[in-house]
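These notes are about the structure you will find just below.
Protein chains in written order, with my numbering: chain C, 134 to 563; chain S, 134 to 563.
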């Protein structure tokens with residue numbers, strides 16, 4: 134690479150504009166650390182005149198990012214548009230084909246097309262870096278690829294969606310409803326104002342789990358969806374009952390190898406109030422790795438926002454400026470293997486079940502009989518009457534049972550008119 | 134570098150022999166990740182016949198490590214002897230002069246001669262890597278140099294000595310004395326059997342603080358010793374009183390920039406039972422970084438033992454095999470600046486003071502008058518009589534005061550025959 138390195142920044146939303154400002158203000162620092170002078174030769178967004186936090190140089194502005202490749206010599210391109218397909222994919226693909234290094238925080242793109250794009254980068258002998266796609270400012274991908282390179286990792290899990298973690302923490306602290314806290318999160322910029330669905334239904338965390346799995350286990354990115362649940366069904370009531378039981382609700386993403394099969398999941402979990410993970414609150418992310426010989430490693434940091442994301446984007450830049458060509462997933466694409474998906478029906482957990490029932494004789498025994506029929510044994514049962522409305526809340530903590538069994542057991546309650554809604558199920562972690 | 138890379142391992146203690154076994158068993162994995170075949174061409178230790186956990190190949194054994202340089206072509210050398218000077222320094226120096234890359238977990242060597250050796254490595258255009266010198270398996274140095282490369286770090290602190298942390302945790306759990314728990318730690322291999330002093334007096338943690346400072350703040354390794362205290366004076370009594378106050382005692386290493394001056398310290402701290410750091414127990418290490426724009430980042434993992442140490446040594450190996458020549462401290466030696474030392478006299482904390490006194494009228498007022506004279510105000514005072522022995526324990530929690538003031542204030546109690554021992558002082562970390 135030449136001493137002067139040409140850079141293009143495509144996508145000038147919250148992250149893109151913050152990054153651009155960091156690039157402009159840290160030029161000297163980057164030169165100190167790498168010996169290279171960076172030169173921003175092109176920026177691109179849909180709207181040149183949109184109100185932005187930092188000013189942009191309109192003389193290097195492109196409405197069509199693909200035009201940059203025809204008109205400018207670019208060494209490194211940042212893609213911050215954020216789509217899984219469409220123009221995001223096109224820009225990254227074209228850059229790699231033109232032997233331009235690419236840095237992106239786009240987890241949707243990488244979790245869907247990462248294998249293809251990595252292969253393309255390897256063939257063209259350029260770097261494709263995506264540290265910012267998982268856990269914001271936490272350098273977790275670099276830690277797996279480099280810091281713990283020769284460990285045999287058996288499990289990686291954690292809190293991977295800051296929005297969900299903020300909502301769960303804030304519901305507990307403010308005793309406010311899901312809907313109200315979501316509005317607050319949107320106001321604070323923690324959740325998308327338009328469509329926060331991908332954060333709340335587990336999709337965002339699942340994309341990150343897939344990227345983590347591929348790196349931790351040297352496998353192709355999986356296409357399976359073992360089990361994905363978000364926090365949408367969590368009510369304040371569940372959070373308060375959890376609190377009484379010395380538990381907290383956390384949305385965990387989990388990836389592990391069980392019997393040489395890959396098990397990836399995202400779902401709300403009940404964890405002990407005193408556990409490490411139970412105390413990761415607000416928009417914080419945390420990732421826990423179990424490996425040999427290193428043992429358990431924990432990394433915690435801010436999981437979202439333009440600051441932490443830019444920190445990771447710039448670490449990728451420094452890595453490219455300082456280093457040689459690296460494989461995007463740590464090893465050659467042709468050495469990364471496909472792996473079978475673990476059958477989620479065998480996934481075993483203790484369960485928290487909350488039933489809202491009519492306060493009539495026989496209803497409780499119907500529930501307990503049904504559980505008994507499926508050999509799901511009850512560890513704890515708490516019935517709280519709501520006399521005024523002639524209702525009751527029944528919370529049952531079970532011993533361990535598998536998914537197939539619990540699904541079959543609970544299915545009957547969909548049709549029972551004494552059971553006022555389908556029971557809320559939250560798995561108890563470990 | 135050629136496809137076949139020759140390696141020498143010098144020092145075959147607990148770490149060296151574990152590393153050698155890992156190198157032998159992970160050859161394929163290393164080739165997969167780097168495309169290089171490693172070939173162990175020399176090993177060295179004082180005694181060829183010592184009983185070891187894994188067998189060594191006696192045909193490549195050298196009693197004198199310096200002979201290796203004359204007889205073998207070596208690309209990468211591991212130094213695991215562990216001295217700050219003497220043969221450790223000689224071996225590393227000779228290797229670098231012969232353009233051999235060096236990997237070492239030796240914090241004593243790096244914290245003392247790191248500047249000189251880094252300069253030498255840069256001049257000879259080889260790598261000097263020492264990830265394993267700080268916090269065992271936690272890839273903290275790589276995280277500062279690469280993962281958080283462009284952040285402005287303002288503070289780095291944490292639990293950096295697993296032995297001390299184990300002893301403090303175990304005293305609390307077992308309610309046993311310092312001396313007994315130390316014996317237990319020695320039996321379990323957590324403390325040196327012969328001379329555990331360097332772990333217990335804060336020296337080991339201080340060496341790590343120095344290495345962290347140099348990397349976090351791009352400075353030369355400091356030669357100052359602002360404030361270094363170990364855990365030797367902590368009694369079970371202090372741990373029990375802390376517990377009553379909802380606090381825990383932790384040995385923290387702290388490095389920060391205050392008014393453009395470097396403040397480095399190691400001392401026992403009282404921290405909240407509910408804080409993150411208060412819950413890092415046993416031989417665990419944890420490092421907390423405060424940086425902009427990334428915010429607060431936490432890394433936790435096993436801090437000692439051959440497994441975690443080897444994990445870091447091998448990550449250095451992968452880095453060298455994959456990468457280009459890197460500056461040992463992230464930036465050129467001639468760009469790293471010396472920095473003034475912050476005057477410890479200005480260091481301010483709330484204090485825990487424990488007095489053991491004769492149970493006589495006037496003793497308490499003498500203490501409180503003395504504190505008042507130095508304007509140290511009392512936040513909380515707990516006097517517990519020991520009628521049988523005509524003694525009392527007085528515990529005082531003060532508001533914030535600086536070191537100079539507290540030192541001057543307490544000095545008088547050395548000569549007072551009603552004060553049975555010089556008061557125990559533990560700083561409260563907030």
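Every residue, glycine too, gets a C-beta built ideally from N, C-alpha and C. All figures in this text were calculated on a predicted structure; none of them were measured in a lab.
Cβ of residue 461 (chain S) within 8 Å of any chain C Cβ: Your numbering for residue 461 (chain S) matches position 328 in the second chain. Chain C, which has no Cβ nearer than 8 Å to the Cβ of residue 461 (chain S), makes this no.
Classification of residue 222 (chain S) by the beta-carbon crowding that lies within 10 angstroms, buried from 16 upward: To locate residue 222 (chain S), count along the second chain from 1; it is residue 89. The residue in question, residue 222 (chain S), is buried, as its Cβ has 16 or more Cβ neighbours within 10 Å.
Validate contact between the region 501-508 of chain C and the region 135-155 of chain S using beta carbons, cut 8 Å, 3 pairs: no
Minimum C-alpha distance to residue 322 (chain S) - residue among S:299, S:275, S:344 and S:449: The residue you call residue 322 (chain S) lines up with position 189 of the second chain. Of the listed residues, the one whose Cα sits closest to residue 322 (chain S) is S:299.
Limits of the alpha helix (DSSP H) - the one that residue 252 (chain S) falls within: Along the second chain, read from residue 1 onward, the residue named residue 252 (chain S) stands at position 119. Start and end: 240-257.
Beta bridge counterpart(s) of residue 469 (chain S) as assigned by DSSP: On the second chain, position 336 is the one that residue 469 (chain S) refers to. Paired residue(s): none; residue 469 (chain S) is not in a bridge.
Touch test, the region 225-235 of chain S against the region 253-268 of chain S, Cβ-Cβ under 8 Å, three pairs minimum: yes
Where residue 481 (chain C) meets chain S, residues with beta-carbon distance less than 7 Å: Translated into the one-based positions of the first chain, residue 481 (chain C) becomes position 348. Within 7 Å Cβ-Cβ: nothing; residue 481 (chain C) doesn't reach chain S, min ~28 Å.
Among S:542, S:460 and S:381, nearest to residue 562 (chain S) - alpha-carbon criterion: Residue numbering aside, residue 562 (chain S) sits at position 429 when the second chain is read from its first letter. For residue 562 (chain S), the nearest C-alpha among the options comes from S:381.
Per-residue DSSP class, three states only, for residue 280 (chain C): Translated into the one-based positions of the first chain, residue 280 (chain C) becomes position 147. Helix, per DSSP.
CB contact check: residue 477 (chain C) to chain S, cutoff 8 Å: Taking the first residue of the first chain as 1, we reach residue 477 (chain C) at position 344. Taking Cβ atoms only, chain S never reaches closer than 8 Å to residue 477 (chain C), which makes this a no.
Proximal residues of chain S, C-beta to C-beta of residue 282 (chain C) below 7 Å: Residue numbering aside, residue 282 (chain C) sits at position 149 when the first chain is read from its first letter. Under the 7 Å cutoff, chain S gives 166, 447, 448 and 451.
Short Cβ contact (8 Å threshold) for residue 426 (chain S) with residue 443 (chain C): For this step, residue 426 (chain S) is matched to residue 293 along the second chain. For this step, residue 443 (chain C) is matched to residue 310 along the first chain. Yes, the pair counts as a contact, with Cβ atoms nearer than the cut-off.
Straight-line gap, residue 359 (chain C) to residue 517 (chain C) (C-alpha atoms, nearest Å): As a working note, residue 359 (chain C) is residue 226 in the first chain. As a working note, residue 517 (chain C) is residue 384 in the first chain. Looking at the two C-alpha atoms, the distance is approximately 34 Å.
Span of the beta strand (DSSP E), counted from its first residue to its last, around residue 571 (chain S): The requested residue 571 (chain S) does not occur in the structure, where chain S is confined to residues 134 to 563.
Counted within 10 angstroms of its Cβ, other Cβ atoms place residue 312 (chain C) as buried (16 or more) or exposed: Along the first chain, read from residue 1 onward, the residue named residue 312 (chain C) stands at position 179. By the neighbour-count rule (16 or more Cβ atoms within 10 Å), residue 312 (chain C) is not buried but exposed.
Minimum Cβ-Cβ distance from residue 415 (chain C) to chain S less than 8 Å: Indexing the first chain from 1 puts residue 415 (chain C) at position 282. Not closer than 8 Å to any Cβ of chain S, the Cβ of residue 415 (chain C) fails to qualify, so no.
C-beta atoms of residue 404 (chain C) and residue 383 (chain C) nearer than 8 Å: Start at 1 with the first residue of the first chain, and residue 404 (chain C) comes out as number 271. Start at 1 with the first residue of the first chain, and residue 383 (chain C) comes out as number 250. Their beta carbons are under 8 Å apart, which means residue 404 (chain C) touches residue 383 (chain C) by this criterion.
Interface residues of chain S facing residue 159 (chain C) [CB-CB closer than 7 Å]: Here residue 159 (chain C) corresponds to residue number 26 of the first chain, with the count starting at 1. Neighbours of residue 159 (chain C) on chain S, chain order: 283.
Contacts of residue 429 (chain S) in chain C (Cβ-Cβ under 9 Å): Your numbering for residue 429 (chain S) matches position 296 in the second chain. Per Cβ cutoff of 9 Å: 417, 433, 434 and 435.
Boundaries (first-last residue) of the alpha helix (DSSP H) holding residue 300 (chain C): Translated into positions along the first chain, residue 300 (chain C) becomes position 167. Run containing residue 300 (chain C): 295-307, per the alpha helix (DSSP H) assignment.
Outcome for residue 445 (chain C) when other beta-carbon atoms lying within 10 angstroms are tallied against a minimum of 16: Residue numbering aside, residue 445 (chain C) sits at position 312 when the first chain is read from its first letter. So residue 445 (chain C) ends up on the buried side.
Contact set for residue 224 (chain S): own chain, Cβ-Cβ below 6 Å, skip 5 residues either direction: One-based indexing of the second chain puts residue 224 (chain S) at position 91. Closer than 6 Å at Cβ, skipping near neighbours: 143, 198 and 212.
Rounded straight-line distance, which links the Cα of residue 420 (chain S) to that of residue 310 (chain S): Translated into the one-based positions of the second chain, residue 310 (chain S) becomes position 177. Translated into the one-based positions of the second chain, residue 420 (chain S) becomes position 287. Near 28 Å, if we compare the C-alpha coordinates of residue 420 (chain S) and residue 310 (chain S).
Start and end residues, alpha helix (DSSP H) containing residue 502 (chain S): Start at 1 with the first residue of the second chain, and residue 502 (chain S) comes out as number 369. First-last of the alpha helix (DSSP H) with residue 502 (chain S): 496-506.
Contact residues within the region 264-276 of chain S, judged by C-beta distance below 7 Å to chain C: 270, 271, 272, 275 and 276
For residue 430 (chain C), three-class secondary structure by DSSP: Along the first chain, one-based indexing puts residue 430 (chain C) at 297. Correct three-state label for residue 430 (chain C): strand.
Same chain, Cβ closer than 6 Å to residue 529 (chain C), five either side skipped, listed in chain order: By 1-based counting over the first chain, the position of residue 529 (chain C) is 396. For residue 529 (chain C), where only same-chain residues beyond five positions count, the Cβ hits under 6 Å are 486, 511 and 514.
8 Å Cβ cutoff, residue 279 (chain S) in contact with chain C: The count along the second chain starts at 1 and reaches residue 279 (chain S) at position 146. Closer than 8 Å to some Cβ of chain C, the Cβ of residue 279 (chain S) qualifies, so yes.
Residues that residue 468 (chain C) contacts on chain S, provided the C-beta gap is smaller than 7 Å: By 1-based counting over the first chain, the position of residue 468 (chain C) is 335. Within chain S, the residues near residue 468 (chain C) are 165.
Alpha-carbon to alpha-carbon, residue 325 (chain C) and residue 318 (chain C): Taking the first residue of the first chain as 1, we reach residue 318 (chain C) at position 185. Taking the first residue of the first chain as 1, we reach residue 325 (chain C) at position 192. For residue 318 (chain C) and residue 325 (chain C), the distance between alpha carbons rounds to 9 Å.
Distance between residue 546 (chain S) and residue 416 (chain S) (C-alpha atoms, nearest Å): Working through the second chain from its first residue, we reach residue 416 (chain S) at position 283. Working through the second chain from its first residue, we reach residue 546 (chain S) at position 413. Going by the C-alpha atoms only, they are around 36 Å apart.
Alpha helix (DSSP H) segment containing residue 452 (chain S), residue limits: Within the second chain, numbered from 1, the residue matching residue 452 (chain S) stands at position 319. 439-455 is the extent of the alpha helix (DSSP H) around residue 452 (chain S).
Inter-residue Cα distance where the pair is residue 290 (chain S) and residue 191 (chain S): To locate residue 290 (chain S), count along the second chain from 1; it is residue 157. To locate residue 191 (chain S), count along the second chain from 1; it is residue 58. Their backbone Cα atoms lie some 43 Å apart in a straight line.
Residues of its chain near residue 253 (chain S), where Cβ-Cβ distance is below 6 Å and the 5 sequence neighbours each way are ignored: Here the question's residue 253 (chain S) lines up with position 120 in the second chain. For residue 253 (chain S), where only same-chain residues beyond five positions count, the Cβ hits under 6 Å are 229.
Three CB pairs or more closer than 8 Å across the region 445-459 of chain S and the region 279-296 of chain C: yes
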